[in-house]
Amino acid sequence: MLSIVIPTLNAAGELPATLEPLIAGAVDGVVAQLVIADGGSDDETLAIADAAGADIVRTERGRGGQLAAGAARARGDWLLFLHADTRLDPGWVASVRTFISEMGPDYAGYFRFALDDGRFRARVLEQVVALRSRAFALPYGDQGLLISRRLYERIGGFAPLPLMEDVAIARRLGHRCLRPISVRAVTSAARYRRDGYMRRGSRNLACLAGYFLGVAPQRLVRLYR
Numbered sequence: 386m387l388s389i390v391i392p393t394l395n396a397a398g399e400l401p402a403t404l405e406p407l408i409a410g411a412v413d414g415v416v417a418q419l420v421i422a423d424g425g426s427d428d429e430t431l432a433i434a435d436a437a438g439a440d441i442v443r444t445e446r447g448r449g450g451q452l453a454a455g456a457a458r459a460r461g462d463w464l465l466f467l468h469a470d471t472r473l474d475p476g477w478v479a480s481v482r483t484f485i486s487e488m489g490p491d492y493a494g495y496f497r498f499a500l501d502d503g504r505f506r507a508r509v510l511e512q513v514v515a516l517r518s519r520a521f522a523l524p525y526g527d528q529g530l531l532i533s534r535r536l537y538e539r540i541g542g543f544a545p546l547p548l549m550e551d552v553a554i555a556r557r558l559g560h561r562c563l564r565p566i567s568v569r570a571v572t573s574a575a576r577y578r579r580d581g582y583m584r585r586g587s588r589n590l591a592c593l594a595g596y597f598l599g600v601a602p603q604r605l606v607r608l609y610r
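Numbered according to my numbering, the sequence shown spans residues 386 to 610.
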């Protein structure tokens, strides 16, 4: 029923924690396939993926292109795209089953954004993301994307962009097709700890503004890193 697609690049440190909650989906029978779309890792990422029984796609670096390549390898009628540093909370299997059965193939779902940081500033950011997702129908890739193959192909799939591929596909889905899933997708806060919440948040906002103003994603990558 469901193929899970994860883009990776030297993700050995985060990938095991991302894969662990997915076992429940395989045991339950909802997950039929795991696809790892790797952009040239030189650490233990591919060994971890192979041990997990994943179908491995080797492609050029760039998350949009990796996601598109992973989707092309996927066999499921439904696709679940996840980042390599994002883990789903318990209960995700039941929520995904409910979404598929109740919403049907003409809708796409995204999870509730959360950070693995206990500080108050992380909670504030989570609320900002929730507001952005609902008000503007702009969930990011670290919230996951559950979508039927039929809808994915109808809107043209992921564009081969190095950045903002998640915004591009969310804009094509829009309010009409996007619906929230109540389960949390807990993402690593490493970038926020490294750069500071204000600096990283401002950088993300600048990238989004630049994208809407027509700046090429290839240029925005340098600002995002």
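Don't be surprised by glycine CBs; every beta carbon is placed ideally from N, CA and C.
Please read all numbers here as calculations on a predicted model, not as lab measurements.
Looking at S533 and L464, is the spacing between their C-beta atoms short of 9 angstroms? In the sequence shown, residue 464 corresponds to position 79, counting from 1. In the sequence shown, residue 533 corresponds to position 148, counting from 1. Cβ distance < 9 angstroms, so L464 and S533 count as in contact.
Are there 16 or more other CB atoms within 10 angstroms of the CB of D502, so buried, or fewer, so exposed? By 1-based counting over the sequence shown, the position of residue 502 is 117. Label assigned to D502: buried.
Are L523 and R556 touching if we call contact CB-CB under 9 angstroms? Position 138 of the sequence shown, counted from the start, is the residue given in the question as residue 523. Position 171 of the sequence shown, counted from the start, is the residue given in the question as residue 556. Result yes, Cβ atoms of L523 and R556 sit closer than 9 angstroms.
Have a look at D423, F543 and C592 and flag the residue whose alpha-carbon is nearest the alpha-carbon of A439. Here the question's residue 439 lines up with position 54 in the sequence shown. Nearest of D423, F543 and C592 to A439, Cα basis: D423.
Three-state secondary structure (DSSP) of T572: Reading the sequence shown from its first residue, position 187 is the one you call residue 572. T572 falls in the strand class under three-state DSSP.
List the whole-angstrom C-beta distance separating A436 from L419, where the pair is believed to meet the contact cut-off of C-beta under 8 angstroms. Position 51 of the sequence shown holds residue 436. Position 34 of the sequence shown holds residue 419. Between A436 and L419 the beta-carbon gap is near 11 angstroms, outside 8 angstroms, which marks them as no contact.
Compare the Cα-Cα distances from P475 to each of N395, Y582, G581 and I408 and report the closest residue. Counting from 1 along the sequence shown, the entry for residue 475 is found at position 90. It is I408.
Alpha carbon of A601 to alpha carbon of P545, nearest angstrom: On the sequence shown, residue 601 is found 216 positions in, with the first residue counted as 1. On the sequence shown, residue 545 is found 160 positions in, with the first residue counted as 1. About 12 angstroms.
Give me whichever residues DSSP pairs with Q512 in a beta bridge. On the sequence shown, residue 512 is found 127 positions in, with the first residue counted as 1. Note: Q512 sits in no beta bridge, so no partner.
Cα-Cα separation, G595 to Y525: As a working note, residue 595 is residue 210 in the sequence shown. As a working note, residue 525 is residue 140 in the sequence shown. Cα to Cα, the separation comes out at about 16 angstroms.
Can you say whether R535 is buried or exposed, counting buried as having 16 or more other CB atoms within 10 angstroms of its CB? Position 150 of the sequence shown, counted from the first residue, corresponds to residue 535. Exposed is the call here.
Can G494 and R561 be called in contact, C-beta distance under 9 angstroms? For the purposes of this step, residue 494 is taken as the residue at position 109 of the sequence shown. For the purposes of this step, residue 561 is taken as the residue at position 176 of the sequence shown. No, the pair does not count as a contact, with Cβ atoms beyond the cut-off.
Give a yes or no on whether the C-beta atoms belonging to T393 and A434 are separated by under 9 angstroms. Residue 393 sits at position 8 when you count from the first residue of the sequence shown. Residue 434 sits at position 49 when you count from the first residue of the sequence shown. Against a cut-off of 9 angstroms, the Cβ pair of A434 and T393 comes out as a contact.
From R576, F521 and L510, residue whose alpha carbon lies closest to that of V552: Mapped onto the sequence shown, residue 552 falls at position 167. Answer by Cα proximity: F521.
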